[in-house]
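In our numbering, the protein residues as written are 7 to 261.
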């Protein structure tokens with residue numbers, strides 16, 4: 007089962023799971039993020055952020071990230087009773103995700119469930135795309151897997167900001183009318199860099215602030231959105247083809 011915890015310096019969350027946990031989650035993300043025309047998809051930016059996390063999770067179960075060993079409860083007596091020799095530890099794969107990135111995903115994933123549902127079942131739009139149909143039962147599984155990912159992200163945030171503050175943010179998210187359609191996701195990069203520039207002792211308050219800004223767009227978001235839409239029109243490109251030169255990640259991240 008997936009689990010997550012804050013990293014040592016509160017830079018992000020460490021997500022852990024066994025091979026099956028990560029493999030199923032990656033499959034669910036890929037099915038849930040099917041898109042027909044990429045940039046024309048109103049949730050392209052949101053889905054692309056989720057796929058970025060999916061990339062790291064996929065590389066984790068391929069062995070390209072960290073590995074954790076944990077006792078599984080097996081001992082000599084149990085092995086003797088079952089007449090077999092088994093490992094006494096399980097392998098868990100581990101990957102770090104920047105906190106703002108993870109929070110943004112947890113806030114936005116539920117927003118595109120309804121749209122994603124049209125790609126499942128007998129009358130799905132997959133046939134129009136030349137893709138094999140996806141049984142509707144997979145929609146229930148995929149939604150559950152993504153809900154679990156959101157849950158462990160919220161739990162990790164709660165360890166940093168406390169239950170009371172977490173409940174406030176969750177209630178704000180549940181009552182929010184934000185739809186995140188054509189969301190300028192470069193704002194997530196801005197928040198990532200903000201956190202990295204914040205001292206460790208102040209990161210708890212910074213994360214509360216960032217989570218609230220994802221739930222309810224602040225004026226700083228609208229300013230960025232206006233700028234990006236202007237330059238996208240001027241250059242004749244998508245907002246997702248643009249970068250903010252002011253946003254610079256450090257060469258090395260201390261987790």
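The beta-carbon is built from N, C-alpha and C at its ideal position, and this holds for glycine as well.
Discussion item. Just to confirm the assignment, what range does the beta strand (DSSP E) spanning residue 9 have?
Written reply: Here residue 9 is taken as the residue at index 3 of the chain shown, counted from 1. Here the beta strand (DSSP E) through residue 9 covers 9-12.
Discussion item. Just verifying my parser: in three-state terms, what is the DSSP assignment at residue 258?
Written reply: In the chain shown, counting from the first residue as 1, residue 258 sits at position 252. In the structure shown, residue 258 sits in coil (DSSP, three-state: anything other than H, G, I, E or B).
Fill in: N-terminal and C-terminal residue of the beta strand (DSSP E) that residue 76 is part of
To locate residue 76, count along the chain shown from 1; it is residue 70. Residues 72-77.
Practice prompt. Measure from the alpha carbon of residue 102 to the alpha carbon of each residue in 153, 72, 129, then state which is nearest.
Written response: Position 96 of the chain shown, counting from 1, holds the residue named residue 102. Among 153, 72, 129, the Cα nearest to that of residue 102 belongs to 72.
Worksheet item: CB-CB under 7 Å to residue 237, same chain, minus the five flanking residues each way: which ones, in chain order?
Response: As a position in the chain shown, residue 237 is number 231, starting the count at 1. The beta carbon of residue 237 sits closer than 7 Å to those of 248, all from its chain and outside the five residues before and after it, given in chain order.
Discussion item. Assuming contact is defined by CB atoms lying nearer than 8 Å, are residue 158 and residue 213 in contact in what I supplied?
Written reply: The residue you call residue 158 lines up with position 152 of the chain shown. The residue you call residue 213 lines up with position 207 of the chain shown. No, the pair does not count as a contact, with Cβ atoms beyond the cut-off.
Practice prompt. Using a threshold of 8 Å, state whether the C-beta atoms of residue 32 and residue 187 are closer than that.
Written response: Translated into the one-based positions of the chain shown, residue 32 becomes position 26. Translated into the one-based positions of the chain shown, residue 187 becomes position 181. No, these two residues do not count as a Cβ contact at 8 Å.
Worksheet entry | Nearest-angstrom Cβ-Cβ length linking residue 107 and residue 194, presumed shorter than 8 Å | Taking the chain shown and counting its residues from 1, the one referred to as residue 107 is at position 101. Taking the chain shown and counting its residues from 1, the one referred to as residue 194 is at position 188. Yes, residue 107 and residue 194 are in contact; Cβ-Cβ is about 6 Å, under 8 Å.
Worksheet item: Among residues of its own chain, excluding the 5 on either side of residue 15, which ones have a beta-carbon nearer than 7 Å to its beta-carbon?
Response: The count along the chain shown starts at 1 and reaches residue 15 at position 9. If we look at residue 15 and ignore the five residues flanking it on each side, its Cβ neighbours are 206, 260, 261.
Worksheet item: Does DSSP put residue 189 in a helix, a strand or coil?
Response: Here residue 189 is taken as the residue at index 183 of the chain shown, counted from 1. In this structure, residue 189 counts as coil in the three-state DSSP scheme.
Worksheet entry | residue 75 versus 94, 68, 60, residue with shortest Cα-Cα distance | Residue mapping note: residue 75 aligns to position 69 of the chain shown, counting from 1. Checking every option, the nearest Cα to that of residue 75 belongs to 94.
Fill in: Cut-off 8 Å between Cβ atoms - residues of its own chain near residue 227, not counting five sequence neighbours on either side
On the chain shown, position 221 is the one that residue 227 refers to. Around residue 227: 190, 193, 219.
Item to complete: Run through the segment 179-226 for me and flag every whole alpha helix (DSSP H) of 4 or more residues, listed as ranges in chain order.
Response: Taking 4 residues as the shortest admissible run, the segment 179-226 contains the following complete alpha helix (DSSP H) segments, listed from N- to C-terminal end: 192-202, 209-221.
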